[in-house]
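Single-structure report; data block below.
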Amino acid sequence: MNTSRSERSAVTSAFAVVGMGLVVATLTGCSMIEQSLPQQHRHYDTYRDAPSSANSEDMAWFMPKWVPEDAKDIDVRLDTSNPGYVIAFDSATGVDTAACEPVDGTHGGPAMTADFLPKSLPTSDLITCGDGRITAEIDGRWYGWTSKEPVSSDANDTLRSS
Numbered sequence: 249m250n251t252s253r254s255e256r257s258a259v260t261s262a263f264a265v266v267g268m269g270l271v272v273a274t275l276t277g278c279s280m281i282e283q284s285l286p287q288q289h290r291h292y293d294t295y296r297d298a299p300s301s302a303n304s305e306d307m308a309w310f311m312p313k314w315v316p317e318d319a320k321d322i323d324v325r326l327d328t329s330n331p332g333y334v335i336a337f338d339s340a341t342g343v344d345t346a347a348c349e350p351v352d353g354t355h356g357g358p359a360m361t362a363d364f365l366p367k368s369l370p371t372s373d374l375i376t377c378g379d380g381r382i383t384a385e386i387d388g389r390w391y392g393w394t395s396k397e398p399v400s401s402d403a404n405d406t407l408r409s410s
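Following my numbering, the numbering of the sequence shown begins with 249 at its first residue and continues without gaps.
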């Protein structure tokens, strides 16, 4: 069977269009799947890159009030269906601990895990800064997490359903 150059070109073009359609569908599908998963992760290079009440309606990703404006290399992982939030960041100024309260005990540890959370967390010198999350500085990096058991200042700001 002899095919003309224009027929081959048409077939090649059709395959290219179908292939590109599959690529677009795959990429779109991945982002749609990620949005439907209960545990999600985001990274922000700086505090300004993260959503805030001034520039976004996506409250789940707002930076907690205690995160300083010079925070950078920010990792956030949250669970959209259960209590669970973990944040880590670097900061030259650190958290203003004057606005925070000491926490007695670990309250069961983090409600969820994150690959950026140290495997060994402190059991003392923990604080909460008004949103019910436990906060600690570990090896010069700041971490905050929703604990399995509520802390006394928990104001339902941590996606806690109970």
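Cβ coordinates follow ideal geometry from the N, Cα and C atoms, glycine included.
None of these values were measured; they are calculated from a predicted model.
The secondary-structure analysis by DSSP pairs Val351 across a beta bridge with Leu374. For Thr383, the uninterrupted beta strand (DSSP E) segment begins and ends at 381 to 386. Of the candidates Arg381, Pro358, Ala362, the residue whose Cα lies closest to the Cα of Gln288 is Ala362. Secondary structure note for Asp306: it is in no beta strand (DSSP E), with a DSSP letter that is neither H nor E. Approximately 5 Å separates the beta-carbon atoms of Thr376 and Val399; this is inside 8 Å, confirming the contact. Annotation for Thr354: Leu369, Thr371, Leu374, Ile382, Ser395 place their beta carbon closer than 8 Å to its own, counting only its chain and skipping 5 residues before and after. The three-state secondary structure of Thr345, taken from DSSP, is helix.
Within the same chain, and ignoring the five residues on either side of Thr328 in sequence, the residues whose Cβ sits closer than 7 Å to its Cβ are Pro286, Gln288, Ala308.
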